[in-house]
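Colleague: First residue of the sequence shown? That's 437 in the numbering used here, and the numbers climb one at a time after it.
Ideal Cβ placement from N, Cα and C applies to all residues, glycine included.
This structure is a prediction, so every number in the text was calculated from the model and none was measured.
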Amino acid sequence: MTQLAFVFGALAGLIFALGAVLLVKRLRPAAPGWVKNYDEAHLAAFEQWPTTAFVLDPASERILAANPAAVRNTGYSLQELRALPFGKLFAGEGMEGQELMRRVREANSRAPLELRQCCSDGTQRSVEASCYPLTLGAQSVLAVAVHDVTVRRKVETHLLEKHQELDRLAHHDQLTGLPNRLYLQVHLPEAIEEAKRKNSVLAVLFLDLDRFKHVNDSRGHETGDKLLKTVAQRVRATMRAEDVVVRMGGDEFVVIMKGVGSTEQVNEAAGRINNALCAPMVVDGRTLVTTVSIGVALYPRDGADMGELLRHSDTAMYQAKDRGRNNFQLFSPGMDKRLKERIAIESSLRTALQSRQLDVHYQPIVDIETHRVVALEALLRWKHPNHGYVRPERFVSIAEEAGLIVPIGDFVLQRAIEDTVRWRQAGATIVPVAINVSAVQLQRSNIAETISRLTKQHGLDPSMLQVELTESAVFERREGRAREASQDAVGRLRELGVHIAIDDFGTGYSSLSYLKRWRVDTLKIDRSFVRDLVTDMSDLAIVSAIIAMARHLNIKVVAEGIEGWPQLEKLRQLGCCYAQGYLFARPAPAADCVRLLSGSPVDLTQRIPALDMLESTGSGEQPQAIRA
Ligand code: C2E
Ligand code: MG
Ligand code: MG
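#1: Taking three-plus beta-carbon pairs below 8 Å as touching, is the segment 952-962 in contact with the segment 993-1006?
#2: Determine the burial state of Ala579: buried for a count of at least 16 other Cβ atoms within 10 Å of its Cβ, exposed for fewer.
#3: Any heavy atom of ligand 1 closer than 7 Å to the beta-carbon of Ala1070?
#4: Hey, would you say the C-beta of Val832 is under 7 Å away from at least one heavy atom of ligand 1?
#5: Rounded to whole angstroms, how far is the Cβ of Leu641 from the Cβ of Val690, which I believe are closer than 8 Å?
#6: For Ser980, collect the residues of the same chain with a Cβ closer than 8 Å to its Cβ; drop the 5 residues on either side in sequence, then sort them by chain order.
#7: So, Ala543 versus Ser513, is the Cβ gap smaller than 8 Å?
#8: Measuring CA to CA, which of Gly739, Trp818, Thr612 and Thr856 is closest to Met900?
#9: Given a cut-off of 8 Å on the beta-carbon distance, is the pair Gly500 and Val507 in contact?
#10: I want to check one thing, is the minimum distance from the CB of Glu907 to the heavy atoms of ligand 2 below 7 Å?
#11: Given 8 Å as the limit, is there contact between the segment 530-547 and the segment 600-615, that is, 3 or more CB pairs closer than that?
#12: Spatial neighbours of Gln902 within its chain, please: CB distance less than 6 Å, with the 5 preceding and 5 following residues excluded, ordered by chain position.
#13: Straight-line CA distance for Gly739 to Ile978?
#14: Entirely within the segment 756-836 and at least 4 residues each: give me those alpha helix (DSSP H) ranges in chain order.
#15: Does at least one heavy atom of ligand 3 sit under 7 Å from the Cβ of Glu996?
#16: Cβ-heavy atom distance between Arg827 and ligand 1 below 7 Å?
#17: Is Ser749 helix, strand or coil when you go by DSSP?
#18: Go ahead and pull the three-state DSSP assignment for Asp679.
#19: Based on the DSSP secondary-structure assignment, which residues constitute the bridge partners of Leu638?
#20: Please report the distance separating the alpha-carbon of Val622 from that of His607.
#21: Shortest alpha-carbon distance to Val667 belongs to which of Ser496, Val682, Leu785 and Arg1008?
#22: What is the rounded straight-line gap between the Cα of Gly528 and the Cα of Glu550?
#23: Does the beta carbon of Asp957 come closer than 8 Å to any beta carbon on chain D?
#24: Could you say which of Arg953, Leu1007 and Lys952 lies nearest to Val966 if we only look at CA atoms?
#25: In this structure, how does DSSP classify Asp493 when only helix, strand and coil are distinguished?
#26: Ligand 2 and Glu904: does any heavy atom of the ligand fall closer than 7 Å to the residue's C-beta?
#27: Which residues share a DSSP beta bridge with Tyr1014?
#28: Could you tell me the distance, in whole angstroms, from the CA atom of Glu915 to the CA atom of Val651?
#29: What does the Cβ neighbour count give for His748, buried or exposed, with the cut at 16 atoms within 10 Å?
#30: Spatial neighbours of Phe767 within its chain, please: C-beta separation below 7 Å, excluding the five flanking residues on both sides.
#31: Just to confirm the assignment, what range does the alpha helix (DSSP H) spanning Arg1031 have?
#32: Is it buried or exposed, Ala1061, if we count other Cβ atoms within 10 angstroms and call 16 or more buried?
#33: Under 7 Å from any heavy atom of ligand 2, does the C-beta of Glu836 make it?
#34: Which residues in the same chain as His820 place their Cβ atom closer than 6 Å to its Cβ, once the five residues preceding and following it in sequence are excluded?
#35: Would you say Lys960 touches ligand 3, meaning its beta carbon is less than 7 Å from a heavy atom?
#36: Compute the beta-carbon to beta-carbon distance between Ile727 and Asp644, rounded to the nearest angstrom, for a pair I have assumed lies under 8 Å.
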């Protein structure tokens, strides 16, 4: 378009200049015939040229001559045009009088001047003017060619708007209207550059909604979308106008804070977001509560470029999740190490499942009065080829997140059933085996169906199995389908005759009404209350309350983690019936457990040798052997 305008402008200028010269020649005596024809041709070209052309006296700013197209296009007669100052006929953005003249003089077909042409009927047209200096006798004048670009401008404006709209669509999230990941990819490097130039601090906050998947699963995607919209609005409203809030996708958001004065300022902002999202949201007439985990990385402290800042804020966000969600964490280099470890664990865990590195050990649960083994707890073990035994605490949550907990859980179940059958075949008096089942496993697998199939296959009564669920797995407030899934699963287990135990009791959402409703068989008091039972008065109060409450509800109580005689004696006095801990036996492989299953009181003087060297007391002491 520009090239065309240039050629067109140059041509117009040439012909127009020639025509303008002829204005002068008209006043001279007639030339020879061919010259006359030549002059007439050019005069005709000037007269009939389709676009506006003027001869302008720059000193007086008056139009000396104008072609008929000028008369047509402006709506003024030739006389009127001559009487009009140039500045009345044309206006330019921010140009008046001398400035307008100066710019007109400088304009040429390569760089035409953009002007508004004010027509006699009051309308305005967009035009481009280019200019050529002419000498008329002793007078220096300007030949001005004017080209109407109104239509072109309209098209250009339209295209620009379209482009901006497309740009907006590409860089914004349809659902929430917030800038999206693409936008961040352009904006964040720019913001980092700016911070570098200004020597200032920039904060990247990585937000991930807690358990958003549950909302989607239980209430459907439409509700999930509405919730995300509200979240987006709340986060946006919490931040300063100059902060950028981006939806990365799913339930992930990123906030960029520029010119951060102190970490305190970032902490406050993150705290405000946490608070804003905590307040209940009404979606489709129902109240939903969502929380968010936030990880923060600062430029330049935690990363030099976009990749590093996003990675580290994401790592810190995972740390926030690990710390119980609904909080924020500033990145620290130690976190990165943990994340790498986590990724390494996840990938080698996949191989562990296939290459028989997983094993199950058993720890007895003992009747405090009779010293008989009343049950065995199956505890998962991972014998890593390089790292030795890895404890479940380090990999169960990773297995849950990586979707490996279901096949791992099935493996434990199958192994426990097979081991029980083997003990029975070896002539042992078998006792119920307790299996730990995580919340994710309870919801995602049909555990009752698996137990039913496996017990049938091996000729074992399902009542020989006990499922240990943590309080959070069963009682945690869940919505709709997720809660129903847990309830159904527990219900089906009960129907099969499987016993239900609540593990690590006291650490979670303890509630009497829940215990009643779920018809729990056993409570296992968490080790943290048992450890200091003898010295800590509040632990003593909690444990005695749990025992009293359980007796009232007809629920059995097992105290976990008994390492010393004084604890055992205290528990006996409080009326606790069962105990489990290093004092009796450490978890051991199946083959070593046969001796515990004789049916007679356990000879606790012969403790089972602990193969699992990672079973330390925590205090550095070796557990005492029990004397009868
Ligand atoms: P838990 O179910 O509460 O198991 C008891 C834990 O306490 C076991 O740790 C056991 O080795 C340890 N322990 C027992 N007596 C003592 C003691 O006297 N002193 C000390 N310091 N510790 C004692 P372990 O085997 O590392 O298991 C940790 C947790 O991992 C278990 O806690 C359970 O929640 C989970 N877990 C274990 N096996 C499985 C499994 O097959 N599936 C799932 N989902 N989780 C499992
Ligand atoms: Mg357990
Ligand atoms: Mg426990």
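Modeller: With the given structure in hand:
#1: Touching, yes.
#2: For the purposes of this step, residue 579 is identified with residue 143 of the sequence shown, where counting begins at 1. Buried, by the Cβ-count rule.
#3: Past the boundaries of the shown model lies residue 1070; the chain is included only from 437 to 1064, so the question cannot be answered.
#4: Taking the sequence shown and counting its residues from 1, one reaches residue 832 at position 396. Checking the Cβ of Val832 against ligand 1 gives yes.
#5: Taking the sequence shown and counting its residues from 1, one reaches residue 641 at position 205. Taking the sequence shown and counting its residues from 1, one reaches residue 690 at position 254. About 7 Å; that satisfies the 8 Å criterion.
#6: Residue mapping note: residue 980 aligns to position 544 of the sequence shown, counting from 1. Cβ within range, chain order: Leu1010.
#7: Counting from 1 along the sequence shown, the entry for residue 543 is found at position 107. Counting from 1 along the sequence shown, the entry for residue 513 is found at position 77. Not in contact: Ala543 and Ser513 (Cβ atoms no closer than 8 Å).
#8: Position 464 of the sequence shown, counted from the first residue, corresponds to residue 900. The closest CA to that of Met900, considering only Gly739, Trp818, Thr612 and Thr856, is found on Thr856.
#9: The residue you call residue 500 lines up with position 64 of the sequence shown. The residue you call residue 507 lines up with position 71 of the sequence shown. In the sequence as displayed, the identity of residue 500 is Leu instead of Gly. Judged by beta-carbon spacing, Val507 lies beyond the 8 Å limit of Leu500, meaning their Cβ atoms are not closer than that value.
#10: Stepping through the sequence shown from its first residue, residue 907 is reached at position 471. Not under cutoff, so the answer is no.
#11: The segment 530-547 is not in contact with the segment 600-615.
#12: By one-based count along the sequence shown, residue 902 stands at place 466. Only Pro868, Ala870, His935 and Ala937 meet the Cβ criterion.
#13: Counting from one through the sequence shown, the residue named residue 739 turns up at place 303. Counting from one through the sequence shown, the residue named residue 978 turns up at place 542. Rounded to whole angstroms, Gly739 to Ile978 spans 46 Å at the Cα level.
#14: Those alpha helix (DSSP H) runs which fall completely within the segment 756-836 and span 4+ residues are 769-790.
#15: For this step, residue 996 is matched to residue 560 along the sequence shown. Under cutoff, so the answer is yes.
#16: Counting from one through the sequence shown, the residue named residue 827 turns up at place 391. Yes, the Cβ of Arg827 comes within 7 Å of a heavy atom of ligand 1.
#17: For the purposes of this step, residue 749 is taken as the residue at position 313 of the sequence shown. Three-state result, Ser749: helix.
#18: Start at 1 with the first residue of the sequence shown, and residue 679 comes out as number 243. Correct three-state label for Asp679: coil.
#19: The residue given as residue 638 occupies position 202 in the sequence shown. Looking at the DSSP assignment, Leu638 forms a beta bridge with Tyr735.
#20: Along the sequence shown, one-based indexing puts residue 622 at 186. Along the sequence shown, one-based indexing puts residue 607 at 171. Answer to the nearest angstrom: the Cα atoms are 9 Å apart.
#21: Reading the sequence shown from its first residue, position 231 is the one you call residue 667. Comparing alpha-carbon positions, the option among Ser496, Val682, Leu785 and Arg1008 lying closest to Val667 turns out to be Val682.
#22: Numbered from its first residue, the sequence shown carries residue 528 at position 92. Numbered from its first residue, the sequence shown carries residue 550 at position 114. In this structure, the alpha-carbon of Gly528 lies about 7 Å from that of Glu550.
#23: Absent from the structure: chain D. Only one protein chain is present.
#24: For the purposes of this step, residue 966 is taken as residue 530 along the sequence shown, with counting starting at 1. Minimum Cα distance to Val966 is reached at Leu1007.
#25: Along the sequence shown, one-based indexing puts residue 493 at 57. Taken through DSSP and simplified to helix, strand or coil, Asp493 comes out as strand.
#26: Locating residue 904 in the sequence shown gives position 468, counting from the first residue. Yes, Cβ of Glu904 sits closer than 7 Å to a heavy atom of ligand 2.
#27: Stepping through the sequence shown from its first residue, residue 1014 is reached at position 578. Checking the DSSP bridge columns, you'll see Tyr1014 partnered with Asp803 and Val994.
#28: Walking along the sequence shown from the start, residue 915 turns up at place 479. Walking along the sequence shown from the start, residue 651 turns up at place 215. Confidence at Glu915 is low in this model, with a pLDDT of 45, below 50, so its placement is unreliable and the value that follows should be read with caution. Going from the Cα of Glu915 to the Cα of Val651 covers about 7 Å.
#29: For the purposes of this step, residue 748 is identified with residue 312 of the sequence shown, where counting begins at 1. Buried is the call here.
#30: Counting from one through the sequence shown, the residue named residue 767 turns up at place 331. Here the set comprises Gly731, Val732, Ala733, Asp738, His748, Ser749, Thr751 and Ala752.
#31: Position 595 of the sequence shown, counted from the start, is the residue given in the question as residue 1031. Going by DSSP, Arg1031 is part of no alpha helix (DSSP H) at all; its letter is neither H nor E.
#32: For the purposes of this step, residue 1061 is taken as the residue at position 625 of the sequence shown. At Ala1061, the pLDDT of 27 sits below 50, so the modelled position is not reliable and the matter cannot be decided from this model.
#33: Counted from its first residue, the sequence shown places residue 836 at position 400. Judged by the Cβ position, Glu836 fails to qualify as a neighbour of ligand 2 at the 7 Å threshold, every heavy atom of the ligand being at least this far.
#34: Numbered from its first residue, the sequence shown carries residue 820 at position 384. The answer, listed in chain order, is Val826.
#35: Position 524 of the sequence shown, counting from 1, holds the residue named residue 960. Yes.
#36: Against the sequence shown, residue 727 aligns to sequence position 291. Against the sequence shown, residue 644 aligns to sequence position 208. Contrary to the premise, residue 727 reads as Thr rather than Ile in this sequence. Not quite, the Cβ-Cβ distance comes to about 10 Å (not below 8 Å), so this is no contact.
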